[in-house]
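As structure tokens, the structure follows; a few thoughts come after it.
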Amino acid sequence: MLWEPGEEAWENRLAVLRSFRRATGHLAPRQDAVWGEGEAMVVPVGQHVASLRRKGGLGKDPKREAERAQQLAAIDEDWNCPWPLNWQRHYSVLADLVDADGVLPYIAPGVLFEGDDIGRWLQRQKKPGNWKLLSSEQQERLSTLGIKPAEAPLPGPAAGRAMKGPRKAQQAFQRGLAALTQWVEREGHRSVPRGHSEEIVIDSEMEPVVVKLGVWVSNTRARRDKLSQEQQAALAGLGLEWAAAAQAAG
């Protein structure tokens, strides 16, 4: 059930959103983002925006819903963009970095902006498999910044035989780790539902690969004591407490 704010509470919320938009250049906060000065004034702006974007988030009255949507669009026309706020936030940061000539400077993976690795995000968008998953409007926005998809790698020679034992297991782990990393970047440290599958792009593959991430996390946890120290450390780095405990015990 969504809470429907009264007019005074609504105006206060609009004031917070205007302040956030002026300071950041976007209205696409992280889910856990807060905004304000002093402990008494801090508000969960990330939760507010997420709530407003949900069905019925602007109230049940159609007229009032339309008025509030118009007010939010006046603050930021992309407040209710049809793609995830995580994508919109990264894009907005890049758009602000374009110089006077309309050129986006080179941004290497590892370049952070308020906790977001915008360099890594940019490289991920340019991968052919990921680019194909974007809507035409998303592609157009990136193209306006001079961002184009990278050329797809030519298929290598056939492997001939399936990989054996350790090598195949290592590849499966790396794919699971990549899928989990993508999940954490998008969803934070929220638990992965067992039935969830994550689509990832791998340089050596022409098409995106689907990883049954929920099952992979569950199975990996069950065999955590058999993981290498490097594997345990990688999982612990993504916030998995059981991996950190296994690493400490080892």
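Position one of the sequence shown corresponds to residue 1 (UniProt numbering), numbered consecutively onward. We put the CB at the ideal spot given by N, CA and C, even for glycine.
Close Cβ partners of residue i (< 8 Å) along its chain, the five nearest in sequence each way excluded
| i | result |
| --- | --- |
| Pro84 | Arg186 |
| Trp10 | Arg68 |
| Gln71 | Leu14 |
Bounding residues of the beta strand (DSSP E) (the contiguous stretch that carries residue i)
| i | result |
| --- | --- |
| Glu207 | No beta strand (DSSP E) contains Glu207, which DSSP labels as neither H nor E. |
| Glu199 | Glu198 to Ile200 |
7 Å CB neighbourhood of residue i in its chain, flanking five on each side removed
| i | result |
| --- | --- |
| Asp32 | Gly46 and Gly188 |
| Ala150 | Lys126, Lys127 and Pro128 |
| Gly25 | Ser92 and Asp96 |
Outcome for residue i when other beta-carbon atoms lying within 10 angstroms are tallied against a minimum of 16
| i | result |
| --- | --- |
| Arg29 | Per the sequence presented here, residue 29 reads as Pro, with Arg not at that position. With 16 or more other Cβ atoms within 10 Å, it is buried. |
| Tyr106 | exposed |
| Gln232 | buried |
| Arg175 | buried |
| Gln247 | buried |
| Ala162 | Low confidence applies to Ala162: its pLDDT is 46, below 50, so where it sits in the model is not reliable, and the reading given next is rough at best. When all chains shown are included, Ala162 counts as exposed. |
| Ser92 | buried |
| Arg224 | buried |
| Gln170 | exposed |
Cβ-Cβ distance between residue i and residue j below 8 Å
| i | j | result |
| --- | --- | --- |
| Gly214 | Val184 | no |
| Val42 | Leu27 | no |
| Ile75 | Arg141 | no |
| Val98 | Leu145 | yes |
Anticipated Cβ contact below 8 Å, residue i with residue j, distance rounded
| i | j | result |
| --- | --- | --- |
| Val201 | Asn130 | 5 Å |
| Pro109 | Asp117 | 7 Å |
| Gln182 | Glu207 | Not a contact, Cβ separation roughly 16 Å. |
| residue 271 | Leu112 | There is no way to answer for residue 271, as the model of the chain reaches only from 1 to 250. |
| Leu122 | Ile147 | 7 Å |
Host alpha helix (DSSP H) of residue i (start-end)
| i | result |
| --- | --- |
| Lys60 | Looking at the DSSP string, Lys60 is not in any alpha helix (DSSP H), and its letter there is neither H nor E. |
| Asn130 | Pro128 to Leu133 |
| Asn12 | Glu7 to Thr24 |
| Ser51 | Val45 to Arg53 |
| Asp96 | Leu85 to Leu97 |
Nonlocal neighbours in the same chain, by C-beta distance under 6 Å from residue i, ignoring five residues either side
| i | result |
| --- | --- |
| Trp79 | Leu27 and Leu72 |
| Ala236 | Ala243, Ala244 and Gln247 |
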